[in-house]
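Structure first, commentary second.
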Amino acid sequence: MIGLLVLAQKDVAFGLLEAVDHVLGQRPPALVAFPVHYETPPDELTAALSKAIRAIDQGEGVLILADIYGATHINVACRLLARHRVELVTGLNLPMLIRVLNYRDLPLDDLIGKALSGGMEGIVCATEFCLLDDAKHEVH
1107 MIGLLVLAQK DVAFGLLEAV DHVLGQRPPA LVAFPVHYET PPDELTAALS KAIRAIDQGE
1167 GVLILADIYG ATHINVACRL LARHRVELVT GLNLPMLIRV LNYRDLPLDD LIGKALSGGM
1227 EGIVCATEFC LLDDAKHEVH
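Once you know that position 28 of the sequence shown is 1134 in my numbering, the rest is easy, because the numbers rise by one and skip nothing.
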């Protein structure tokens, strides 16, 4: 099973895992939040992130799902890609995370595709659907 690490601002990381608990009814194994505290120096962040990766790697690698490309914590994660069997996907949202959890027995390379498709398909302009739904419920 692929280990999953949610790398995001502290409240975002924990909030996404709480949402997973609610949607799935339980916390899946080898899924951890890695909350980023911006006052943490990059060297400390690197050591802590490396330790977290080792803790959840069950031999098939770790997929890091992260919030925003270009932030310091993403740059730190990039440095760890060569040291561990790790892949990094940014732009994290709840549909991406749920999709990955449903397919995490796939090989790591295939799971990246599921993360990308889940994240993109979860972004929808719902206005038209909401207006259609409202029209169905209008009282005439």
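Glycine residues also receive a C-beta, built at the ideal position from the N, C-alpha and C atoms.
In the assembly as shown, LEU1130 is an exposed residue. Its beta-carbon has fewer than 16 other beta-carbons within 10 Å. Boundaries around PRO1148 are those of the alpha helix (DSSP H), 1148–1162, since no beta strand (DSSP E) includes it. For GLU1193, the uninterrupted beta strand (DSSP E) segment begins and ends at 1192–1196. PRO1201 carries a helical assignment under DSSP once its states are collapsed to helix, strand and coil.
Within 10 angstroms of the beta-carbon of ILE1159 lie 16 or more other beta-carbons, which makes it buried. TYR1209 and GLY1167 have their C-alpha atoms some 14 Å from each other. LEU1171 and MET1202 have their C-alpha atoms roughly 9 Å apart.
Residue pairing by DSSP places ALA1139 opposite VAL1112 in a beta bridge. Cβ-Cβ distances below 8 Å link LEU1122 to VAL1112, ALA1114, ALA1139, LEU1198, LEU1200, LEU1203 in the same chain, with the five nearest sequence neighbours on each side left out; the list follows chain order.
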